[in-house]
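S.K.:
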Amino acid sequence: MYDAQPAHKFTFGLWTVGNVGRDPFGEPVRKPLSPPEIVHLLAEVGAWGVNFHDNDLIPIDATPSERDSIIKAFRGALAETGLVVPMATTNLFSHPAFKDGAFTSNDPAVRAYALQKTMAAMDLGAEFGATTYVFWGGREGSESDAAKNPLEGLKWFREALNFLCEYSLAQGYNYRFALEAKPNEPRGDIFLPTTGAMLGFIETLDHSAMVGVNPEVAHETMAGLNFAHAVAQALDAGKLFHIDLNDQASGRYDQDFRFAAHNYKQNFFLVKLLEDVGYDGPRHFDAHAYRSEDLQGVKDFARGCIRSYLILAEKARRFNADAEIQGLLAELKTVEPAVAALAGSYSPERVAALKAHEFDRTGLGARGLGYEKLDQLTFELLMGVR
1 MYDAQPAHKF TFGLWTVGNV GRDPFGEPVR KPLSPPEIVH LLAEVGAWGV
51 NFHDNDLIPI DATPSERDSI IKAFRGALAE TGLVVPMATT NLFSHPAFKD
101 GAFTSNDPAV RAYALQKTMA AMDLGAEFGA TTYVFWGGRE GSESDAAKNP
151 LEGLKWFREA LNFLCEYSLA QGYNYRFALE AKPNEPRGDI FLPTTGAMLG
201 FIETLDHSAM VGVNPEVAHE TMAGLNFAHA VAQALDAGKL FHIDLNDQAS
251 GRYDQDFRFA AHNYKQNFFL VKLLEDVGYD GPRHFDAHAY RSEDLQGVKD
301 FARGCIRSYL ILAEKARRFN ADAEIQGLLA ELKTVEPAVA ALAGSYSPER
351 VAALKAHEFD RTGLGARGLG YEKLDQLTFE LLMGVR
């Protein structure tokens, strides 16, 4: 029941299981793995696909011959394991050139270099069949508003995405762009800090139909927001092009914990939402193992991400089949015929009916809704006692 199947489309990035355990206060605790080694590890734990930033695969200073050799070895590992590459992205945050941003840097030379680097990375992703291209603007922001006008930053970001949409179309690539929001870190403040902000920004683009979002559990949780609500908004807009699954304690640094390692109930409702709507995109785990772990621990981490999702999916099915829970939900949605006639789209007749109807305010306010019982039953279901 909890074994991964290709239909689940579980993916990991090269940077996730390849994380060496370095943090701002400590050196690496694990040996680096080559891209082919990572592909074989992911195949071993049951993943369907692998994603990459350009420099996860090709070092930024690689020679043409080194690049060819790396690509050949990576392609061979994909062929041996059957893994696919559904998503690619660009590292526009590690090199010192991007210390003030990439597309939103005050320096026009940096902005031009960011376009050049992204086009090359898009070429690389397309070479491996990627159809989703993620944009995470980790350096797109500021520490001081004295240093950068946010209106100019947004204008530059819009110009870059319009340019890259045109490039993708001109090359005949089958890309959909997915914008990933984050409130802060590594910048003091990052432009377009939430999924909702991204959704609003997308509508200002020249090719908005090919641009959606890639919400991440940790990033919305860092801002103290309900991640499932952000995903619901993206689904409602038809813009959930990709999703990053991990876990996070609210108000902390970007922890990127194993999926469902911290917020069991919140992640249950996230999985339930995705499963109930029939989400058929990749389920990407953008997380990494605890720094305490060795290579076996990394495998345990990856298996844990997959198993946790499938356990929560099975719990969602039980929730949907639980007679008592569903009875409570049905009771909440019971509508009197007279009130039901008031619902619907605008019409002069409905306006007149609404104005004429006498509502029982006291009765509406006095009605108990049973949310305490419903929430307790959900807890008991998750804890395995019903």
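Those letters in the sequence shown? Residues 1 to 386, by UniProt numbering. Quick reminder that beta carbons are idealized off the backbone N, C-alpha and C, glycines included. Keep in mind the model is a prediction, meaning the values are calculated, not measured.
So the beta strand (DSSP E) T11 belongs to, where does it begin and stop?
M.R.: Segment 10–13, the beta strand (DSSP E) holding T11.
S.K.: With a 10 Å radius around its C-beta and 16 neighbouring C-beta atoms as the bar for buried, classify L240 as buried or exposed.
M.R.: Buried: at least 16 other Cβ atoms inside 10 Å.
S.K.: The alpha helix (DSSP H) with E37 in it runs from where to where?
M.R.: Per DSSP, E37 belongs to the alpha helix (DSSP H) from 35–45.
S.K.: Would you give the residue range spanned by the alpha helix (DSSP H) that A4 belongs to?
M.R.: From DSSP, A4 is part of no alpha helix (DSSP H); its letter is neither H nor E.
S.K.: Under three-state DSSP, which class holds S105?
M.R.: Three-state result, S105: coil.
S.K.: Can you find a C-beta in chain C that's less than 8 Å from the C-beta of Y253?
M.R.: Checking the listed chains, one finds no chain C in this structure; it contains a single protein chain.
S.K.: Comparing C-alpha positions only, which one of V217, K355, T11, R187 sits nearest to A88?
M.R.: Residue T11 is the option with its Cα nearest to A88.
S.K.: I need the straight-line Cα distance from M210 to G172, nearest angstrom please.
M.R.: Rounded to whole angstroms, M210 to G172 spans 13 Å at the Cα level.
S.K.: Taking Cβ to Cβ, would you say Y133 is nearer than 8 Å to G141?
M.R.: Taking 8 Å as the Cβ cut-off, Y133 and G141 do not qualify as a contacting pair.
S.K.: Count the other CB atoms, across all protein chains shown, that sit within 10 Å of the CB of Q248; report buried if there are 16 or more and exposed otherwise.
M.R.: By the neighbour-count rule (16 or more Cβ atoms within 10 Å), Q248 is buried.
S.K.: Would you check if the region 266–274 and the region 306–321 touch, i.e. whether three or more CB-CB distances between them fall below 8 Å?
M.R.: A contact exists between the region 306–321 and the region 266–274.
S.K.: Which residue marks the beginning of the beta strand (DSSP E) containing A88, and which one marks its end?
M.R.: Its beta strand (DSSP E) spans residues 87–89.
S.K.: Enumerated in chain order, which unbroken segments of the alpha helix (DSSP H) with a length of 4 residues or greater are wholly contained in the region 195–222?
M.R.: Listed in chain order, the complete alpha helix (DSSP H) runs (minimum 4 residues) inside the region 195–222 are 195–202, 217–222.
S.K.: Please state if the CB of V335 and the CB of L273 are separated by a distance shorter than 8 Å.
M.R.: Going by C-beta atoms, L273 is not nearer than 8 Å to V335.
S.K.: Pull the bridge partners of E180 from the DSSP assignment, please.
M.R.: W136.
S.K.: Would S308 pass as a contact of F257 if the rule is Cβ separation under 8 Å?
M.R.: Contact flag unset, no.
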